[in-house]
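Trainee: First residue of the sequence shown: 2, per this note's numbering; consecutive thereafter.
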Amino acid sequence: STHQQGQWGELQLQRVVEMAGMQQYCDFETQVPVQGKNGIQRPDMIIRLPNERVIVVDAKAPYATYIDAMAITDDAARMNGLKSYTRRIQFHINDLAKKEYWQQFQPTPPLVVLFLPNEAMFRAALECEPNLFDFGTKQNVLLASPITLIALLKTVAYGWSQENRARSVQQIVNESQSLYKELSALRTQWDIFRGTLNRTITEYNSLTKAYMTKVFPIVQRIRDLDGTLGNDDSILQVTELQRVLEKVGVEEVGAMDEGILEGINRKTTGI
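1) Which whole runs of the alpha helix (DSSP H) in the segment 61-111 are 4 residues long or more, in chain order?
2) Would you report the Cα separation of residue 216 and residue 121, rounded to the nearest angstrom?
3) Tell me the rounded alpha-carbon separation between residue 114 and residue 56.
4) Below 8 Å on the Cβ atoms is my guess for residue 126 versus residue 87; work out the distance and round it to an integer in Å.
5) Decide if residue 46 is buried, meaning its Cβ has at least 16 other Cβ atoms within 10 Å, or exposed.
6) Are the segment 135-148 and the segment 94-102 in contact at 8 Å, needing three or more beta carbon pairs?
7) In or out: residue 11 buried (at least 16 other Cβ within 10 Å) or exposed?
8) For residue 151 and residue 180, what's the separation of their Cα atoms in angstroms?
9) Per DSSP, which one or two residues make a beta bridge with residue 30?
10) Go ahead and label residue 18 buried or exposed: buried means 16 or more other beta carbons lie within 10 angstroms of its beta carbon, across all protein chains shown.
11) For residue 64, decide whether its Cβ has a neighbour in chain C, counting only Cβ atoms nearer than 8 Å.
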């Protein structure tokens, strides 16, 4: 149900805030009742930041629609399922824009965050509809994955902790977008580097094999002719490398996402 999806999204959101090490800079509340244009509204979460600032986060992403689509084995049918999933996100963006949560919390930036609880859901939505991010920001709805939400929280906390420095919401959005794009590019570079390492290992082993089959026997014969060279072959022998790097799979990608999150926490300064 939508309520259950919201609860699951809230749990993932709390985990992201904890992984980002943000507890000392913000606290959060769930299901806070506020008076809206159409009566009482209950955003899934409000994140309280320094200087009484607030960010409203909605965690009711269409998770079930995404899971159903990914379970389809036929490629064409799965793509139709993902298009349905993306349309659900667009409908939800429209609904959130109409609620104007930021009007009920002051001071707060004029936006609401639509949280997608894992990177795979975020990537699938943008791959299916590349303009989805812009579609949301034009309506003051910021689409966020765990990684981009961490970037957003850290950027906002840093900006608001500096009394002599004001950061606009558009700068925050741009930094979050840039960070995600850079991380995606790094993922591609890791694959390229893995291929380069494999080729290097292959070339090294070819050279080693040629040495051991063609050169080393000659060295042995020279040593046998000259008794003063000793009998230790180990200093002249070269062994092949056995390791072949495997392609990063689904489990490794998940672990890589965790590492990226931890890396952001370690390397971000000023917070």
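Cβ atoms here follow ideal geometry from the backbone N, Cα and C, with glycine treated the same way.
Mentor: Let me spell this out:
1) Correct list: 64-71 and 76-100.
2) One-based indexing of the sequence shown puts residue 216 at position 215. One-based indexing of the sequence shown puts residue 121 at position 120. Straight-line Cα distance between these residues: approximately 52 Å.
3) In the sequence shown, counting from the first residue as 1, residue 114 sits at position 113. In the sequence shown, counting from the first residue as 1, residue 56 sits at position 55. Their Cα atoms are separated by approximately 8 Å.
4) As a first step, residue 126 is located in the sequence shown; it is residue number 125 there, counting from the start. As a first step, residue 87 is located in the sequence shown; it is residue number 86 there, counting from the start. Approximately 5 Å separates the beta-carbon atoms of residue 126 and residue 87; this is inside 8 Å, confirming the contact.
5) Start at 1 with the first residue of the sequence shown, and residue 46 comes out as number 45. Burial call: buried.
6) yes
7) The residue given as residue 11 occupies position 10 in the sequence shown. Per the 10 Å Cβ criterion, buried.
8) As a first step, residue 151 is located in the sequence shown; it is residue number 150 there, counting from the start. As a first step, residue 180 is located in the sequence shown; it is residue number 179 there, counting from the start. Their backbone Cα atoms lie some 10 Å apart in a straight line.
9) The sequence position of residue 30 within the sequence shown is 29, counting from 1. Beta-bridge pairing links residue 30 to 47.
10) Mapped onto the sequence shown, residue 18 falls at position 17. That one is buried.
11) Although the question refers to chain C, the structure presented lacks it and comprises just one protein chain.
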